[in-house]
Each structure stands twice: as C-alpha cells, then as structure tokens.
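In my numbering, the protein residues as written are 514 to 1145.
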C-alpha cells in the first residue's frame, strides 16, 4: 500500500472508532458491560493508529481529539460509571465537540503551533512555513475553528441537558444539522478563501498550491491556502497585479487624503504623465494599517519584518512600479507621522540596495518653511525602493489650493513629469554621486562587520548581488577611460605653465602678444573637413611658428575618409595629400569633430579629454594649435 495512503487511513482510525462507539452505544442503550468492552476495543484501535502517527510526526489535533474522546469514554465506563460514564452516555456527540475544542485550543494556548498549520503544510511550499503571514493566517483560522467547535459543543450540550430537546427532531438538529452546517457552511469556505483574501488585503499575489513561491526578496510572505483537502492542480499562470502600461506609484503621506495640497501637487503631474502614456497610481497612507517600527532589527537578521500589516504590500507596489514618487507636507519641520512610520518600517529594504534603477520624484509643501529640506530628505530615500531622483517639486501654501505662485508650481510639475516620463521610457541612468559612494563604503562595512549577528540577511543580499566586488558593480556603472594620452597632455600643460611663470618671475620679457586680427574667411567658411585642412595654412601665425619645423598628419574618419598632413617650416605651412613619412604628431579624428573644433563649436581640450579624438606623437604641438593657427 502507498505510504501516504496508509498514513491517511491511520489518521481516520480514531474518527471511525468514535463513530462506532457512539453508534453502538446509542443502538444498545449504553448498557454498562457493552459500553465497557466496546470502549476498550475502540481505545485499542485508536492507540494502534495514534502511536505510529505520533512517532512519525503526523498526528493531527483532529485525530488526537477523537482519540481523547474514546479514552475519556473508556475511563468513565471503567473507573466512574455512575458519574463520568453516565455523562458520556447522555451526550456523546457533545463530548466529541468539547474534545475538538480542547484539542484545537489548549496546545495553542500553551505555545504549540495553531492546529491548522499541520494541514496548511501539506499544500504549501516549505519556504513559506516560517513567514509571519503564514503564521498569522493560521492563527486566525484556528481561532475561527475554535469558535465553531465551541458553538457546536454548546448546542449539542443543550440538547443533552434540556428535556424539551430530547425529541428525535431536536436531537438531529442540535447534534447533527446545526454543527455540520457550521462546519460545512462556514468552516470549509473560510478555510478555502481566507488565505488568498488576507494576502490580497496586504497587496500580495496569492500563489496556488503546488506553485513555487517567489523569492523572499520579491515577496517574502506569499503562501497558499491551507486546507486539508487534496491540493488542486498547479496553475501555471498567477494573476497579474499590473497591466502592461508603465506605472508611476506615488506614496502620499498627508493625513488629509485627497483634499490636501500634497494631493493637489501630485495631481498636477497626472495630465502630463498620461499624455506621455504613463499611469499614475496614488497610495494614501492615512487609511492604511501600518504599525510603528519596534526597533527590534529582526528585519535585518531574518530578512522580513514580523509585524503583519499592510506595509510590506505597499513596498512591493513601489518595487514593482516603473517610477515612484514620495510626497509629504511639512509637519513641524519634517515629514508627517504617517510618512515617517512608513519610512521607519522600510529599514529591512534600506540596508539592501536594489539593483534596479527607476526614476523618482520627491514632493513637499509647507505654509512657512522647510519644504526644500523635506523634499531633499525624501529624494535621498528613493534609493531604498530602487529609484534615483530626477528632481523635487516644492511649494508654499497656507490653505487647500492656496499656493503662492500656483502657475509656477504647475509649470514646474509639468517639467518634472516630462523628465520622469522621459527617464522611464528611455531607461535613463543618472550620474553617481558622492552620497552613493559614502553609502556603499559605510553600509558595506557595517553589514560585513555584523554578518554573523544582527545583519545576516543583509549580508546574504550583498553577497548574492555581488556588491562586494566593487563600487562599479554596486552602481552598475563603469569609470570611463580616456583614449589617447591624457597624462602626456597634462604633463605638457604643466611644463608650459611652469616655463611661462619662470620667464615672468625671472624678468625675461616674453614676446609681445600678437594683436587680435580678423578671422580668416577661408577656414570659417569650410563646409567639409578636407576644405578646412586645405585652408588651415592660410591661418598660420608666422610669429608664433618662428623656427618651428614639424609635420602634423590627420587621419580623418566618419563622414569623410582620407589621410593628409601639414608641413610647417620657416614660418610657412603647406597642405599635402596622403600620409607623412615621419610625422611629429598624428591626429585621428572624425571629420565633423575636427570641423566643429576648428570653427569654435566644440572645445578642443574637452573633446580630447572626452575621447572624441586621439593623438600620437608630440602632444605639446597639439597644445600650440590655438596660437599657431590664430586668426590673421
């Protein structure tokens, strides 16, 4: 026989023994001899089933309760037939319900897990058994079943005690119809539907039995409905929590809900966001169940907060969003109590940097002052939820809608909404700041230093994400490298600066600076890079060239592909097609880049340091170009 089937038969043995004992007793009128031997045989059957179940850890509160009833009946009939034995015979079904109530409530009252957990674990993945939501759901379900057992026990007891209820119809109603209706009409539907309802209330996505839950980081408290019935077939698709439209989720910390100035400022963003194809979802904290942080730090050690309320579901909506907004009015120089409570409870995420980079905004309004500081504070917390700030929206207002310069506030809101939408659609990244570096260095050290104590979950997160591999891995951005020879350019600049300063301090008279002259019309009018290079000899400054003898080769790419060089000697310059035999300097540049530099549309030094063009050879010669080819 299949082992699971064998254990299942063993579990129902105490129930069958109780039914046989009651049926036999009622049919025979409970004569003492019959009651004694029948109860003894049924007790032996219960022990034969319960002892192996107990050893295997499979004995449930239901099986033990029915076994306790048989034991109670046997003890009454053998040890105290005129007292307990007579009471059992007078109302055996009532005693069954009292035993069920005792089996469900007493172990729980003395620290044992709620009895429904044994059934829930048969249909849920082991990964969720230790989560707070799993335990809270089973506590609530056990409480409901205890109340149902109590109601059934009271009704059946009244039928046993009151003479008016001794008739067959009354007995059938009180011992059968009413209790069974409570179990089937309330108990089983509640067991089936309550877990999913509770999860949705917290903003979680229920998972069907047999479907693996998401990781703790994605949703650390998902569970499926605990029920003693066989698990239904797995559903391959979970219900969607958001549509395909990009969504911005705003957290509004104002206790005024949708009528305050904070709400009005959030709504100023909506028309532009919707015009850009984004949906705006606003979550008001004043009507949410969010308890205070207790400072126990269990979220750092275990990875989740133990408090069972709506906070975790709200954070999940932020993490799932494409962009986020944190908004709060100024209350006594800071955010509201509602927003501060929400932020404090986010500590478990604050130590675990996200590897997502969504855009976010911060909004604050005040009647007098501190709105800028509060907005900056909120902007600095966006990273907790995987976002970076694209800006802050602030305003002054003394009453609902009484903004100072409302038109300016609305215009600023529209600009920020466009920036936010552009960042979402183009998947933009914003530059790293020194605050990111400080957080990485300090928090990384703190987490690693306490990895074996209170920050176990934090350390696992940092290790799993690879953040300890370096700051570049943490921010997912790379240091840029300058193509070419930036150090040589710096060295040449320093040498030139020192030489000029020595000449001035030593009393030497530097050569007179050439007088400004009109720009040569040729190079400025060039439409191609080839035309420009052909005209460059016209711009040579003979005084600056002096006795310079040099060859500068240009390797032009991009829109034009050619190689040419300039020969400079005896104060003159000549354009020559093709490569030079021994160039002193080689400039490799896209045609448009060199054209823009020469015609003043692009800073040459910045372009060089930015890697827009490269050089080989005498870098000091490049640094003289501005003077060598100054205007005539």
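Every residue gets a Cβ at the ideal spot worked out from N, C-alpha and C, and that includes glycine.
- Comparing alpha-carbon positions, the option among 633, 907 and 596 lying closest to residue 885 turns out to be 907.
- In the DSSP assignment, residue 852 falls within the alpha helix (DSSP H) that extends over 850 to 857.
- For residue 820, the three-state secondary structure derived from DSSP is coil.
- Of 698, 713, 612 and 656, the smallest CA-CA separation from residue 667 is found for 612.
- A Cβ-Cβ separation of about 10 Å leaves residue 1076 out of contact with residue 1096 under the 8 Å criterion.
- Just measuring C-alpha positions, the residue of 936, 969 and 979 sitting nearest residue 953 is 979.
- Nearest C-alpha to residue 1132 among 971, 1004, 1124 and 1045: 1004.
- Residue range 681 to 685 is occupied by the alpha helix (DSSP H) that includes residue 684.
- 8 Å or more divides the Cβ of residue 1063 from the Cβ of residue 1135.
- The criterion of a C-beta distance shorter than 8 Å is satisfied by residue 969 and residue 814.
- Here residue 943 is exposed: its Cβ has fewer than 16 other Cβ atoms, across all protein chains shown, within 10 Å.
- CA-to-CA, the gap between residue 1082 and residue 1123 works out to about 31 Å.
- Proximity of the stretch 897 to 912 to the stretch 787 to 794 falls short of the contact definition, fewer than three beta-carbon pairs being nearer than 8 Å.
- Across the structure, residue 671 and residue 659 are spaced so that their CA atoms are roughly 18 Å apart.
- Counting along the chain, residue 556 sits inside no beta strand (DSSP E); it lies in the alpha helix (DSSP H) bounded by residues 545 to 568.
- Scanning its chain for C-beta atoms nearer than 7 Å, with the 5 sequence neighbours on each side dropped, one finds around residue 1058 the residues 1081, 1084 and 1141, in chain order.
- Going by DSSP, residue 1042 is part of the alpha helix (DSSP H) stretching over 1042 to 1048.
- From the listed residues 888, 890 and 894, the smallest Cα separation to residue 864 is found for 894.
- For secondary structure counted as the beta strand (DSSP E) over 3 or more consecutive residues, the stretch 778 to 846 holds these complete runs in sequence order: 792 to 797 and 836 to 842.
- Going by beta carbons, residue 851 and residue 768 fall inside the 8 Å limit.
- The C-alpha of residue 537 is placed about 17 Å away from the C-alpha of residue 594.
- Within the DSSP bridge table, the entry for residue 1064 names 1080 as partners.
- Per DSSP, the continuous alpha helix (DSSP H) segment holding residue 691 begins and ends at 691 to 695.
- By the criterion of at least three beta-carbon pairs nearer than 8 Å, the stretch 830 to 843 is not in contact with the stretch 803 to 819.
- A straight-line Cα-Cα distance of about 36 Å links residue 810 and residue 992.
- A Cβ-Cβ separation of about 6 Å places residue 872 in contact with residue 901 under the 8 Å criterion.
- Counting only the Cα atoms, residue 519 lies some 28 Å from residue 647.
- Using a 10 angstroms sphere on the CB of residue 1009, the tally of other CB atoms stays under 16, which defines it as exposed.
- Residue state for residue 967 is assigned as coil, using DSSP reduced to three classes.
- Taking the Cα positions, residue 708 is about 15 Å away from residue 627.
- Closest in alpha carbon position to residue 1053, among 987, 1137 and 617, is 1137.
- Nearest to residue 828 by alpha-carbon distance, out of 669, 857, 808 and 917, is 857.
- In this structure, residue 559 lies near residue 526, with their beta-carbon atoms less than 8 Å apart.
- Secondary structure at residue 765: strand, using DSSP grouped into helix, strand and coil.
- Short of 7 Å from the beta carbon of residue 652, and not among the five residues preceding or following it, lie these beta carbons of its own chain, in chain order: 627.
- Secondary structure at residue 947: helix, using DSSP grouped into helix, strand and coil.
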